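Visitor: Here our numbering runs 26 ahead of the position in the sequence shown, where the first position is 1.
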Amino acid sequence: MNAERDVRDGGAASTAPVPGAGDGTAGATGEATEGVIKERGLGSRAPGFIRASRTLHLSWQVGVFVVGLAVVVAGIIMLPLPGPGWLVIFGGMAIWATEFVWAQLVLRWTRRKVTEAAQRALDPKVRRRNIILTTVGLVIIAVLVGIYVWKFGITMPWKIHE
27 MNAERDVRDG GAASTAPVPG AGDGTAGATG EATEGVIKER GLGSRAPGFI RASRTLHLSW
87 QVGVFVVGLA VVVAGIIMLP LPGPGWLVIF GGMAIWATEF VWAQLVLRWT RRKVTEAAQR
147 ALDPKVRRRN IILTTVGLVI IAVLVGIYVW KFGITMPWKI HE
């Protein structure tokens, strides 16, 4: 019944999230609900003249994908090496999110999870637990180092005298 009414009203049912549904996502207009970060709608952010031509838009998408891929690969390389690996990876995802809906959804999910984790970390009970766990861990490490030094003394694993 609703589908018929939607078709009569001039369009099929929208698959975009409904503003005010309590999930904090934005609707088609990009307005945020419940005072959450203002988000734009999903889709390409390419200029209008690029979206007007199919071949130009496809070329644009390939270029965005290649640049984003290069940045993500650089971030992955930085993970074991010195450098801001995760920050660069998220930068590459942000580049992809200018053109691809899947990357926009991943970034929204990541932003929501980081915000939730930051709020949980500020909870006094969680902070107290983390401080206690860190202290216990440091005490255990200090005891193990003390036992090692007591048993083997302070000797380097390599032979300096030779």
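In this text, a Cβ means the ideal position worked out from N, Cα and C, and glycines have one as well.
Since the structure is predicted, the reported quantities are computational estimates derived from the model, not experimental observations.
#1: Looking at the secondary structure, which residues open and close the alpha helix (DSSP H) in which Gly118 lies?
#2: Return the CA-CA distance between Gly94 and Ile167, expressed in angstroms with no decimal places.
#3: Sorted by chain position, which residues of the same chain lie with C-beta nearer than 6 Å to Thr55's C-beta, five sequence neighbours on each side aside?
#4: So, at 8 Å on beta carbons, what are the nonlocal neighbours of Arg146 in its own chain, with the 5 sequence-adjacent residues on each side left out?
#5: Over the uninterrupted alpha helix (DSSP H) stretch that includes Phe75, give me the two end residues.
#6: Indicate the three-state DSSP secondary structure (helix, strand or coil) for Leu84 in the structure shown.
#7: Under the rule that 16 or more other beta-carbon atoms within 10 Å means buried, what is Trp122, buried or exposed?
#8: Mapping the DSSP letters down to three states, classify Pro106 as helix, strand or coil.
#9: Over what stretch of residues does the alpha helix (DSSP H) that includes Gly163 continue unbroken?
#10: Buried or exposed, going by whether 16 or more other CB atoms sit within 10 Å of the CB of Val90?
#11: Starting from Arg138, trace the alpha helix (DSSP H) both ways and give me its first and last residue.
#12: Assuming Val88 and Gly101 form a contact by the criterion Cβ under 8 Å, report the distance between their Cβ atoms to the nearest whole angstrom.
#13: My output table needs one value for Val69: the three-state DSSP class, helix, strand or coil.
#14: Here's a check: name, in chain order, each residue in its chain whose Cβ is nearer than 8 Å to the Cβ of His83, leaving out the five neighbours to either side.
Guide: Per the coordinate set shown:
#1: 111–123
#2: 42 Å
#3: The predicted position of Thr55 is uncertain, since its pLDDT is 44 and thus under 50; a value taken from the coordinates is nonetheless stated next. Excluding positions up to five away in sequence, the list is empty.
#4: Val152
#5: 74–78
#6: helix
#7: buried
#8: coil
#9: 150–178
#10: buried
#11: 127–147
#12: About 20 Å; that fails the 8 Å criterion.
#13: Here the sequence assigns Gly to residue 69, which means Val is not the residue at that position. In the structure shown, Gly69 sits in coil (DSSP, three-state: anything other than H, G, I, E or B).
#14: Ser70, Ala72, Ile76, Arg77
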